[in-house]
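Heads up: the sequence shown runs through residues 110 to 930, numbered per the working numbering.
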Amino acid sequence: MTPTQHSIRPVWLTDSRQRAGAADEAVFFAIRGSHHDGHDYIHDLYQTGVRQFVVERGALTPDRQAELINYPDAEFIEVDSSLHLLQKLAAEHRRQFRIPVIGITGSNGKTIVKEWLAQLLVDEYVIARSPKSYNSQLGVPLSVHELSERHTLGIFEAGISQSHEMAALEAIIRPTLGIFTNIGTAHDEGFRTRKQKIAEKLRLFIHASSLVYCVDYSDVDEEIRLLLKAVNPDMRFMTWSLTGKDALYQATLTGDRLLLTGPAGSYELRMPFTDPASVENLIHCLVAMLTLRRFDAETLQGRLNRLRPVSMRLEQKEGINNCELVDDSYNNDVAGLTLALRFLNQQSTRSRRVVILSDVLQSGQPEEELYEQVAGLIRSGDVALFVGIGPVMGRYARFFADNSLFYETTEEFLTQFRVGDLRDSTVLVKGARPFSFERIVNRLQRKVHGTVLEINLDALTHNLNYYREKVGADTQIMVMVKAFAYGSGSAEVAQLLQFHRVDYLAVAYADEGVSLRQNGITLPIMVMNPAPETFATLLEYQLEPEMYSLRMLQEWTRFLNDIHSVTPAPLSVPSIHLKIDTGMHRLGFLESELPGVIDYLREHPELRVATVFSHLVGADESHFNAFSQQQYETFRRCTDALEAGLGYMPVRHLLNSAGIVRFPDYKLDMVRLGIGLYGVEASHLDTAALRPVGRLKTVISQIKTVPAGESVGYSRRGVLDHEARIATLAIGYADGLDRRLGNGVGQIVVNDTLCPIVGNVCMDMVMIDITHAPASEGDEVIVFGPELPISELARQIDTIPYELLTGVSERVKRVFVKEGN
Numbered sequence: 110m111t112p113t114q115h116s117i118r119p120v121w122l123t124d125s126r127q128r129a130g131a132a133d134e135a136v137f138f139a140i141r142g143s144h145h146d147g148h149d150y151i152h153d154l155y156q157t158g159v160r161q162f163v164v165e166r167g168a169l170t171p172d173r174q175a176e177l178i179n180y181p182d183a184e185f186i187e188v189d190s191s192l193h194l195l196q197k198l199a200a201e202h203r204r205q206f207r208i209p210v211i212g213i214t215g216s217n218g219k220t221i222v223k224e225w226l227a228q229l230l231v232d233e234y235v236i237a238r239s240p241k242s243y244n245s246q247l248g249v250p251l252s253v254h255e256l257s258e259r260h261t262l263g264i265f266e267a268g269i270s271q272s273h274e275m276a277a278l279e280a281i282i283r284p285t286l287g288i289f290t291n292i293g294t295a296h297d298e299g300f301r302t303r304k305q306k307i308a309e310k311l312r313l314f315i316h317a318s319s320l321v322y323c324v325d326y327s328d329v330d331e332e333i334r335l336l337l338k339a340v341n342p343d344m345r346f347m348t349w350s351l352t353g354k355d356a357l358y359q360a361t362l363t364g365d366r367l368l369l370t371g372p373a374g375s376y377e378l379r380m381p382f383t384d385p386a387s388v389e390n391l392i393h394c395l396v397a398m399l400t401l402r403r404f405d406a407e408t409l410q411g412r413l414n415r416l417r418p419v420s421m422r423l424e425q426k427e428g429i430n431n432c433e434l435v436d437d438s439y440n441n442d443v444a445g446l447t448l449a450l451r452f453l454n455q456q457s458t459r460s461r462r463v464v465i466l467s468d469v470l471q472s473g474q475p476e477e478e479l480y481e482q483v484a485g486l487i488r489s490g491d492v493a494l495f496v497g498i499g500p501v502m503g504r505y506a507r508f509f510a511d512n513s514l515f516y517e518t519t520e521e522f523l524t525q526f527r528v529g530d531l532r533d534s535t536v537l538v539k540g541a542r543p544f545s546f547e548r549i550v551n552r553l554q555r556k557v558h559g560t561v562l563e564i565n566l567d568a569l570t571h572n573l574n575y576y577r578e579k580v581g582a583d584t585q586i587m588v589m590v591k592a593f594a595y596g597s598g599s600a601e602v603a604q605l606l607q608f609h610r611v612d613y614l615a616v617a618y619a620d621e622g623v624s625l626r627q628n629g630i631t632l633p634i635m636v637m638n639p640a641p642e643t644f645a646t647l648l649e650y651q652l653e654p655e656m657y658s659l660r661m662l663q664e665w666t667r668f669l670n671d672i673h674s675v676t677p678a679p680l681s682v683p684s685i686h687l688k689i690d691t692g693m694h695r696l697g698f699l700e701s702e703l704p705g706v707i708d709y710l711r712e713h714p715e716l717r718v719a720t721v722f723s724h725l726v727g728a729d730e731s732h733f734n735a736f737s738q739q740q741y742e743t744f745r746r747c748t749d750a751l752e753a754g755l756g757y758m759p760v761r762h763l764l765n766s767a768g769i770v771r772f773p774d775y776k777l778d779m780v781r782l783g784i785g786l787y788g789v790e791a792s793h794l795d796t797a798a799l800r801p802v803g804r805l806k807t808v809i810s811q812i813k814t815v816p817a818g819e820s821v822g823y824s825r826r827g828v829l830d831h832e833a834r835i836a837t838l839a840i841g842y843a844d845g846l847d848r849r850l851g852n853g854v855g856q857i858v859v860n861d862t863l864c865p866i867v868g869n870v871c872m873d874m875v876m877i878d879i880t881h882a883p884a885s886e887g888d889e890v891i892v893f894g895p896e897l898p899i900s901e902l903a904r905q906i907d908t909i910p911y912e913l914l915t916g917v918s919e920r921v922k923r924v925f926v927k928e929g930n
């Protein structure tokens with residue numbers, strides 16, 4: 110094979126487990142790593158429909174060369190390095206955009222600054238940003254590739270572990286505004302000197318017009334002025350200081366009050382987080398914001414007030430036995446430990462302090478010197494109990510207090526440490542990523558109810574972007590958040606959708622809209638089932654009613670007239686939405702009724718129609734295609750008549766989630782996204798493109814061995830034909846586990862093993878047969894999720910995923926997660 114001219118399609122895959130869009134629009138870059146080889150997964154991807162592959166010459170052994178002939182309709186592009194091609198394509202993609210792009214590097218705080226900036230600037234910009242902590246040689250091109258025509262700002266982070274890596278990342282990100290967070294010990298072993306590491310990181314900014322950094326790091330300040338002034342003499346240095354050093358912005362912190370003074374004036378702001386690391390990250394964000402554009406103090410304070418903590422970054426959680434946890438289970442270096450201990454010392458509710466720490470990786474220091482330094486930091490932090498985990502730290506136990514505990518592995522700690530002895534303490538859990546300290550946090554965190562519905566916000570964002578790509582930038586999106594956002598949690602889902610700038614939300618009833626308004630949602634909200642007794646609420650909270658009958662229109666008009674008669678002040682009247690019945694025969698105006706509706710609206714011009722819509726009866730089933738086309742044609746006739754009668758055309762929408770996939774020609778001005786957002790592709794044409802959003806989890810309360818012939822559960826419905834290990838789970842039909850799944854119909858995933866439900870489902874519990882599964886009391890089990898799709902659960906009882914999702918009780922705690930922030 111030889112390289113050929115080829116136009117790479119927009120969907121890039123580098124992980125065989127990921128899917129993004131239709132397989133025939135994807136190209137897979139086979140990359141060889143230290144622990145995996147992407148070329149091993151060509152067959153699996155071919156089976157899913159992928160037909161374009163980038164492969165590496167050095168990886169094509171004779172056996173692999175022979176295997177490629179088994180894929181006659183596939184196209185292979187042979188290159189020296191798939192990663193280098195990916196980087197080159199991403200750099201070319203970046204050059205197509207003339208928008209501001211923020212590049213962030215440093216030793217600590219990159220992801221937090223990126224996430225907080227995105228939260229702070231969402232009102233002004235449509236933002237593309239690195240997902241998770243995608244800041245590596247592979248992660249950066251994948252991040253920048255997400256830039257599209259709709260974006261008005263990019264925010265990308267870059268991380269390096271050795272010299273000569275930043276040049277490639279700079280060409281891909283090409284930031285217009287840079288942020289240098291700080292310099293620490295992470296990855297010191299990859300550089301000859303600290304000065305070399307600083308210089309290498311600064312290469313990210315050689316073409317930037319402005320750079321934000323703190324002059325209190327004197328070695329950084331010196332290197333910046335020496336190096337960047339030489340290569341980019343026109344660069345503006347947006348410097349700041351908390352210690353009074355000469356800088357463009359001076360910052361003074363008193364308690365939680367920050368006074369920031371600079372070229373744009375003085376800002377007195379209340380900080381939502383006051384630990385040193387958060388203060389530093391927030392000032393970086395504020396100075397970057399003021400560099401981009403002008404803000405007044407009131408606006409800045411409002412933005413700070415709505416900031417959310419970034420997962421797994423010094424996150425406080427309620428622990429067992431009256432403990433408080435400080436979760437910093439993402440990385441571990443000496444600089445980060447110093448900041449975390451400062452934060453720990455600021456927690457005053459429980460004076461006893463405990464630190465659980467992993468081995469420090471990639472420090473570049475001699476081991477003995479490193480752990481003597483770590484022990485000194487622990488002593489200075491007034492720590493009552495220190496726990497060290499890892500194969501190295503225990504060798505230097507002599508540096509630590511005599512009551513310190515050491516374990517070789519996280520697993521050893523979890524099995525041997527007596528968590529019941531940990532009481533009335535503030536516990537810092539800080540570990541390098543390979544140690545999986547989130548397992549420790551999970552063990553120590555207080556669980557009010559063992560059953561939780563975990564909502565993956567990254568998966569939800571992925572699904573939203575999938576449908577956005579389907580409909581294009583010119584088509585608006587209304588998202589259905591009725592029924593508690595299909596069981597996922599209305600307020601939290603709506604906040605994410607508002608962050609990603611969807612155009613409309615829709616709820617079933619007025620009280621759902623009120624709840625969203627009370628949680629800070631300002632997007633337009635359509636109420637699909639308004640009632641006259643809720644009209645005052647609709648007006649107060651600016652909720653827009655669906656109108657489906659002439660009677661409803663008349664009652665709405667009478668209500669507005671009554672309000673006008675007692676309130677002389679002008680009213681802000683919400684727009685209305687007209688529902689057309691094109692064949693569902695549920696709610697809506699028939700085509701024959703439209704002339705009367707048009708006459709009524711012309712007589713009452715104060716009734717502004719925002720949108721007009723209908724609903725396809727069978728968008729998810731191909732044998733209804735002819736009827737769907739008939740509905741579309743009826744709808745077009747109705748909307749044309751409406752435009753002729755009113756003198757304007759309201760926004761038109763017809764398609765639901767399944768219709769978006771199956772009838773792209775019917776997308777009109779807006780589409781309504783419902784179940785597809787939550788990971789269920791109702792048309793079954795492109796199920797691999799979506800990611801499951803919800804994972805319903807519970808725990809094993811008790812395990813017992815029951816002899817053959819005995820029964821399990823109410824009415825003795827579960828009679829055993831073998832001696833069985835029976836586990837009782839903390840979930841029942843009051844939590845949303847459908848009773849039809851009982852008596853062997855449904856299964857639960859226990860440590861990657863499917864285990865049948867035994868007997869009837871109880872109100873608060875259910876029993877399963879775990880004879881063939883490794884399990885212990887307290888283990889977490891999966892009811893549905895990526896391991897067992899909810900569509901499969903629905904199939905087992907001949908229902909639809911909607912019913913199971915919306916059936917999850919509100920007493921089940923919703924936990925919202927982002928992957929590896």
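Just so you know, even glycine gets a beta-carbon here, dropped at the ideal spot from N, CA and C.
Straight across, the Cα-Cα distance linking residue 265 with residue 284 is about 8 Å. Residue environment: residue 338 is assigned as exposed (fewer than 16 neighbouring CB atoms within 10 Å of its CB, all protein chains considered). With respect to residue 643, residue 686 sits apart: the two C-beta atoms are not nearer than 7 Å.
Taking 3 residues as the shortest admissible run, the segment 224-270 contains the following complete beta strand (DSSP E) segments, listed from N- to C-terminal end: 236-238 and 262-266.
When DSSP reads this structure, residue 656 sits in a beta bridge with 687. In the DSSP assignment, residue 865 is bridged to 856.
A direct Cα-Cα distance of roughly 7 Å separates residue 632 from residue 612.
Its chain contains 619, 636, 639, 654 and 683 as the residues whose beta carbon lies nearer than 7 Å to that of residue 647, once the 5 sequence neighbours on both sides are disregarded; these appear in chain order. Contact annotation: residue 394 and residue 225 have beta-carbon atoms nearer than 7 Å.
Within the same chain, 808 and 809 come within 7 Å of residue 887 by CB-CB distance, once the 5 residues on both sides are set aside. In this structure, residue 324 places its C-beta atom within 7 Å of the C-beta atom of residue 354. Excluding its 5 nearest sequence neighbours in each direction, residue 236 has C-beta neighbours in its own chain below 8 Å: 227, 230, 260, 261, 262, 263 and 264, listed in chain order. Here residue 881 has 862 and 864 as same chain residues with Cβ atoms under 8 Å from its own Cβ, once five neighbours each way along the sequence are excluded. At a Cβ-Cβ threshold of 7 Å, residue 267 and residue 253 do not count as neighbours. The continuous alpha helix (DSSP H) containing residue 572 extends over residues 566-580.
Contact between the segment 717-735 and the segment 755-771 is present: 3 or more CB-CB pairs across the two stretches fall below 8 Å.
In the DSSP assignment, residue 837 forms a beta bridge with 811 and 876. Rounded to the nearest angstrom, the gap between the Cα atoms of residue 565 and residue 333 is 40 Å. Rounded to the nearest angstrom, the Cβ distance from residue 561 to residue 924 is 5 Å, consistent with a contact under 8 Å. Ranked by how close their Cα comes to the Cα of residue 664, the residues 213, 641, 651 and 740 have 641 in first place. Around the beta carbon of residue 868, 16 or more other beta carbons sit within 10 angstroms, so the residue counts as buried. One thing to note: residue 503 has its Cβ no nearer than 7 Å to the Cβ of residue 495. In the pairwise beta carbon analysis, the segment 467-485 is classified as touching the segment 536-551: at least three pairs are separated by under 8 Å. Pairing residue 307 with residue 329 gives a Cβ-Cβ distance under 7 Å. With the rule of 3 Cβ pairs closer than 8 Å, the segment 789-800 does not count as touching the segment 819-833. Within the same chain, 690 come within 6 Å of residue 699 by CB-CB distance, once the 5 residues on both sides are set aside.
Between residue 891 and residue 877 the beta-carbon gap is near 12 Å, outside 8 Å, which marks them as no contact. Taking 7 Å as the cut-off, the Cβ atoms of residue 873 and residue 843 count as close. Residue 899 and residue 348 have their C-alpha atoms roughly 52 Å apart. For residue 693, same chain residues with a beta-carbon under 7 Å away, outside a window of 5 residues either side, are 724 and 726 in chain order. Rounded to whole angstroms, the gap between the alpha carbons of residue 697 and residue 660 is 12 Å.
Sixteen is the threshold: since fewer than 16 other Cβ atoms of the shown chains lie within 10 Å of the Cβ of residue 828, the residue is exposed.
By the CB criterion at 7 Å, residue 630 and residue 651 fall outside the cutoff. Distance from the CA of residue 656 to the CA of residue 771, rounded to the nearest whole angstrom, comes to 28 Å. Residue pairing from DSSP places residue 161 in a beta bridge opposite 136 and 184. Classified as exposed, residue 174 has fewer than 16 neighbouring CB atoms from the shown chains inside 10 Å of its CB.
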